[in-house]
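J.: Position one of the sequence shown corresponds to residue 330 (the working numbering), numbered consecutively onward.
The beta carbon of each residue, even a glycine, is placed where N, CA and C say it ideally should be.
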Amino acid sequence: MTNIVLIHGTWCDGTVWGEFVNELEKLGLNVYTPTLRYHDLPYEEVEKKVADVSLDEFADDIVDLIETLDEAPIVLGHSLGGLLAQKVAMKTKTKGLILMGTAPAAGIFAFYPSMVICFYKHFLRWGFWKKSMPPYKHAFYDYCMNNQDEADKEREFSKLVPESGFTYFQMALPFLDKQKGAYIDFEIVTEPVLVITGSEDKMVHPNIAKATAKKYKNSTLNIIEGSDHMYEAPKYRDKTVEVIEQWLKNITNKEL
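Shown next, in the form of structure tokens:
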């Protein structure tokens with residue numbers, strides 16, 4: 330069985346994948362669902378501890394997991410996890426990347442109106458780079474799960490925890506970041522890359538996926554019509570799995 334490591338996005342933990350895991354297992358994949366550092370703690374503890382965690386610290390935790398596996402995995406990252414997946418691929422061997430609604434690497438334009446509206450309240454707080462970022466209901470409902478059913482929105486929002494303000498400083502203002510955390514060396518990654526976006530993704534504009542796919546020599550771009558940012562959520566889960574299944578068949582024939 331091929332290993333696949335799933336890296337969740339902002340405010341979430343490893344339980345966010347739900348039935349998506351079962352669907353991937355049906356494809357013959359051995360699925361790992363790690364939780365990013367501190368995200369599995371109670372809300373108040375996460376709020377105290379996560380604020381200054383860096384992109385490299387998050388990525389290194391995933392690398393540590395991968396290097397315990399019997400063989401290199403495919404790494405699937407969603408949103409923030411998509412950027413982390415790319416960083417992981419710079420640091421250790423992978424069989425390929427699946428980037429779903431990936432956050433932008435440094436140098437990729439990201440100031441689209443819907444994204445600015447979604448996050449501006451965080452960036453207006455003085456010292457946001459050293460504060461945790463709480464999940465805001467309106468942003469999650471209207472920009473992340475905008476095309477999902479109300480019950481699914483409520484269920485997912487109830488599980489969210491604060492995010493690292495420092496990682497968002499690194500992504501939003503990479504030219505000020507001494508660590509250069511959001512910079513990706515695209516030439517290092519020669520394995521196949523699948524980039525998935527949704528035509529109605531308001532949290533990470535589809536143009537970011539298009540720009541990301543162009544950075545990789547061995548990439549495939551798939552735009553899911555009607556999908557919002559939560560590709561693993563019920564409404565677009567089957568289509569997302571279908572896209573992944575087809576890509577897996579293609580790369581198995583060519584490379585794996």
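#1: Under the rule that 16 or more other beta-carbon atoms within 10 Å means buried, what is Q508, buried or exposed?
#2: Mapping DSSP to helix, strand and coil, what is Y361?
#3: Helix, strand or coil for G494, going by three-state DSSP, please let me know.
#4: Relative to the C-alpha of L523, which residue among L365, T496, Y465, K578 is closest?
#5: In the region 330-398, which residue ranges form an unbroken beta strand (DSSP E) of at least 3 residues, counting only runs that do not cross its ends?
#6: If you run the structure through DSSP and keep just helix, strand and coil, what is L426?
#7: DSSP on L585, reduced to helix/strand/coil?
#8: Just mark P371 as buried or exposed, buried being the case when its beta carbon has 16 or more other beta carbons within 10 Å.
#9: Based on the DSSP secondary-structure assignment, which residues constitute the bridge partners of S548?
#10: Taking the beta carbon of V445 as the centre, do at least 16 other beta carbons fall within 10 Å, making it buried, or is it exposed?
#11: What does a CB cutoff of less than 8 angstroms around D567 pick up in its chain, not counting 5 residues either side in sequence?
#12: Within the continuous beta strand (DSSP E) that includes I403, where are the two ends?
#13: What's the C-alpha gap between D393 and E574?
T.: So, to answer that:
#1: Classification for Q508: exposed.
#2: strand
#3: helix
#4: K578
#5: List check, beta strand (DSSP E) in window: 331-336, 358-361.
#6: strand
#7: Here L585 scores only 44 on pLDDT, less than 50, and its place in the model is too uncertain to base an answer on.
#8: exposed
#9: Beta-bridge pairing links S548 to V522.
#10: exposed
#11: The answer, listed in chain order, is E352.
#12: 403-407
#13: Approximately 27 angstroms, taken between the alpha carbons.
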